[in-house]
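Asks:
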Amino acid sequence: MAALLIEVTFKHQAYLPSRLMSDAVSAVLPRYGDRVAYRPVDLGSPAGRDRFLRLSVDLFGETAVFRGLKLAPIPGLFMNGRLAFDIIPPQDDLEAAIEDRLNTGI
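Offset between the sequence shown (1-based) and this note's numbering: plus 4.
What follows is the structure in structure tokens.
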């Protein structure tokens, strides 16, 4: 099992900002081998919608999500369920964040 799970939120697969964020993750993944897993969170699928809501609740709380309609960013890059980036990160920043999470276990 991977020590770190990276998830990127997608409105749909053709949404360019999410696609570019996903490409940024895919570009650095080979460096980490099986220590890092990547999973897109596509709102176009029932499982993706459920995961997106879970990430939103973890980020803002149930009341903010279901009453205030506050949702996780799209695109958003989550590491082990925690928001790491809400913009496409430069490669150096992404690698530093991955290294930090792998070293601290967070």
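Ideal Cβ placement from N, Cα and C applies to all residues, glycine included.
Quick caveat: nothing in here was measured; it's all calculated off a predicted structure.
#1: If you run the structure through DSSP and keep just helix, strand and coil, what is N10?
#2: Pair every Cβ in the region 41-49 with every Cβ in the region 97-106, then say whether three or more of these pairs are closer than 8 angstroms.
#3: From D46 to T13, what does the alpha carbon distance come to, in whole angstroms?
#4: Check whether the Cβ atoms of M25 and P79 sit closer than 8 angstroms, and answer yes or no.
#5: Would you tell me roughly how many angstroms separate the C-alpha atoms of P34 and I92, rounded to the nearest one?
#6: Could you tell me if S60 is buried or exposed, where buried requires 16 or more neighbouring beta carbons within 10 angstroms of its beta carbon?
#7: Kindly indicate which three-state DSSP category A1 falls into: helix, strand or coil?
Replies: Answer, in terms of the structure:
#1: In the sequence on display, residue 10 carries Ile and not Asn. Looking at I10 - three-state DSSP - the assignment turns out to be strand.
#2: no
#3: 6 angstroms
#4: yes
#5: 19 angstroms
#6: buried
#7: Because the chain here runs from 5 to 110, residue 1 falls outside it and cannot be looked at.
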